[in-house]
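S.K.: Before I ask anything, let me first share the structure, which is written out below as structure tokens.
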Amino acid sequence: MKTQPNKKQALRKLLSLTHQEKESPTDLGPLHQNTMRAIRKLGAGKRTTTYFNRFEGLVWRLSPLAATMIVIFTVWFLNFELVTDADLFILASLETDEFSILQIINF
Amino acid sequence: MAENSRDKSLGAKSSDAEIVKLVLNGNTDAFERLLKRYEHHAIGIVKKHVPTDRVAEVVQDAFVRAYQSLGNFKEAKRFKAWLSTIVTRTCYDFWRTHYRSKEIPLSRLSIEHQAWLEGALAARSEANRQQKARQQEARKVLEWTLAKLSAADRMVIELVYLEGLSHKAAAKLLDFSVANVKVRVFRARQKIHKLLLKGRGKP
């Protein structure tokens with residue numbers, strides 16, 4: 001019964017050792033120069049001027065203001081007397097005068 | 108001019124964050140310092156995951172990606188850890204691309220490799236096992252086994268099963284969930300055992 005787990009352990013050790021014993025590349029060629037050439041081709045400073053980066057910075061800077069605005073609007077909206085469709089119908093049938101949108105929303 | 112003078116003022120011990128700032132301000136040449144500082148670290152990671160003749164190409168690709176992502180680097184994070192993540196993901200992408208056009212490995216191990224595996228598994232001492240692991244057959248058997256796995260399973264099994272990283276660390280490096288890594292390790296390990304222990308090279 002014990003042979004299978006032992007074999008599994010032995011296999012893992014063997015494969016791990018092989019993985020770690022992998023030889024290092026002897027010649028990587030002009031890795032430095034090639035990498036820097038590729039990077040210079042991309043151009044400088046593009047990352048800082050992207051619209052997404054600017055927007056990302058702006059979102060966090062404006063988040064306290066946005067939260068305050070949400071609270072103010074919520075309170076204002078809760079104090080608002082909403083007019084239902086039925087009320088509007090009654091108003092329109094009783095009131096023969098023309099009324100504006102501001103009257104409908106009780107402004 | 109101002110950037111160049113600042114570049115010169117940065118000493119050999121200037122922090123990674125300072126260099127990153129300089130690069131982000133438009134001094135592309137300053138990136139070379141980071142390249143020199145972490146080149147060997149990147150090669151060390153890449154050589155474990157990709158074939159030796161493709162190491163230079165993958166390392167270069169990883170540094171180019173790091174340069175392109177510098178805007179996302181946060182000073183609080185260590186640059187080395189951040190770079191390791193990019194390098195590991197570049198290795199994973201290498202295999203994803205490679206697997207689309209890969210040759211199908213032989214359905215079973217050669218008799219010679221099967222015999223070698225029998226002998227290696229029966230090795231009693233650690234020294235004997237190490238000696239076996241250095242042999243050419245060991246690499247062939249490992250490569251054959253890994254080629255049977257998918258790109259994601261291959262990366263996960265290399266990090267967890269072969270290098271001994273925790274599931275969490277591997278998940279972070281590959282940007283997978285921990286549960287995903289656990290499931291992949293379990294399935295891939297079963298497959299390896301089936302290939303090398305039960306079936307002796309049968310698919």
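Those protein sequence lines, which keep their order, are chains A and V.
1 is the number of the first residue of the first sequence in this note's numbering; add one for each residue after it.
108 is the number of the first residue of the second sequence in this note's numbering; add one for each residue after it.
Where a beta carbon is used, it is the ideal one built from N, C-alpha and C, also for glycine.
Since the structure is predicted, the reported quantities are computational estimates derived from the model, not experimental observations.
(1) Can the beta-carbon of Q167 (chain V) be found closer than 8 Å to that of N6 (chain A)?
(2) At a Cβ threshold of 8 Å, is A67 (chain A) touching chain V?
(3) With a threshold of 6 Å on Cβ separation, who are the neighbours of L141 (chain V) within its own chain once the five nearest residues in sequence on each side are excluded?
(4) Assuming V292 (chain V) contacts Y268 (chain V) under a Cβ cut-off of 8 Å, what Cβ separation, rounded to an integer in Å, is found between them?
(5) Counting C-beta neighbours from all protein chains within 10 Å, is the total for I299 (chain V) 16 or more, i.e. buried, or is it exposed?
(6) Helix, strand or coil: which one does DSSP assign to A276 (chain V)?
(7) Can you tell me which of the three DSSP states R12 (chain A) falls into?
(8) Straight-line CA distance for K143 (chain V) to D160 (chain V)?
(9) Please confirm whether Y145 (chain V) has its beta-carbon closer than 8 Å to some beta-carbon of chain A.
(10) Which residues in chain A have a C-beta closer than 9 Å to the C-beta of L190 (chain V)? List them in chain order.
(11) Could you check how far apart the C-beta atoms of R294 (chain V) and D260 (chain V) are, in whole angstroms? I think they sit under 8 Å.
(12) Classify T26 (chain A) as helix, strand or coil using the three-state DSSP reduction.
(13) Could you tell me the distance, in whole angstroms, from the CA atom of V311 (chain V) to the CA atom of K275 (chain V)?
(14) Verify the CB distance criterion: does K181 (chain V) have a CB-CB separation below 8 Å to chain C?
(15) Kindly indicate the opening and closing residues of the alpha helix (DSSP H) around Y268 (chain V).
(16) Based on Cα-Cα distance, which residue from A:L17, A:F80, A:L65 and A:E81 lies nearest to R241 (chain V)?
(17) Taking 8 Å as the CB-CB limit, is S24 (chain A) close to chain V?
(18) Grab me the residues of F201 (chain V)'s own chain with a C-beta within less than 6 Å of its C-beta, minus the 5 sequence neighbours each way, in chain order.
(19) So, for Q243 (chain V): in the same chain, excluding its five sequence neighbours on each side, which residues have a beta-carbon less than 7 Å away from its beta-carbon?
(20) Run the proximity test for E270 (chain V): is its beta-carbon closer than 7 Å to any non-hydrogen atom belonging to the ligand SAH?
(21) With 8 Å as the threshold, decide whether the Cβ of F138 (chain V) is near any Cβ in chain A.
(22) At a Cβ threshold of 8 Å, is T18 (chain A) touching chain V?
(23) Comparing alpha-carbon positions, which option in V:L302, V:F283 and V:G271 lies nearest A254 (chain V)?
(24) Find the residues of chain V that neighbour A38 (chain A), judging by a C-beta separation of less than 9 Å, and give them in chain order.
(25) Please report how far the alpha carbon of L62 (chain A) lies from the alpha carbon of A124 (chain V), in whole angstroms.
(26) From this set, A:L31, A:M36, A:P30 and A:G29, which residue's C-alpha is nearest E345 (chain V)'s C-alpha?
(27) Is the beta carbon of A38 (chain A) less than 8 Å from the beta carbon of V171 (chain V)?
(28) Taking 8 Å as the cut-off, decide whether the C-beta atoms of I264 (chain V) and R296 (chain V) are in contact.
(29) At 9 Å on the CB atoms, spell out the chain V contacts of L42 (chain A), in chain order.
M.R.: Looking at the coordinates:
(1) no
(2) So no, A67 (chain A) is outside the interface.
(3) I126
(4) 6 Å
(5) buried
(6) helix
(7) helix
(8) 21 Å
(9) no
(10) Here the premise fails: no neighbours, minimum Cβ distance about 13 Å.
(11) 7 Å
(12) coil
(13) Residue 311 (chain V) cannot be examined here, being either before or after the span of chain V that is shown, 108 to 310.
(14) Of the protein chains in the structure, A and V, none is chain C.
(15) Per DSSP, Y268 (chain V) lies in no alpha helix (DSSP H) and is assigned neither H nor E.
(16) A:L17
(17) Yes, S24 (chain A) lies at the interface with chain V (some Cβ there is under 8 Å from its Cβ).
(18) V157 and V165
(19) none
(20) The ligand SAH is absent from the structure shown, which contains no ligand whatsoever.
(21) yes
(22) Using a CB distance cut-off of 8 Å, T18 (chain A) counts as an interface residue toward chain V.
(23) V:L302
(24) Q167, D168, F170, V171 and Y174
(25) 26 Å
(26) Chain V is shown from 108 up to 310; residue 345 (chain V) falls before or after that span and cannot be answered.
(27) Against a cut-off of 8 Å, the Cβ pair of V171 (chain V) and A38 (chain A) comes out as a contact.
(28) yes
(29) T135, V171, Y174 and Q175
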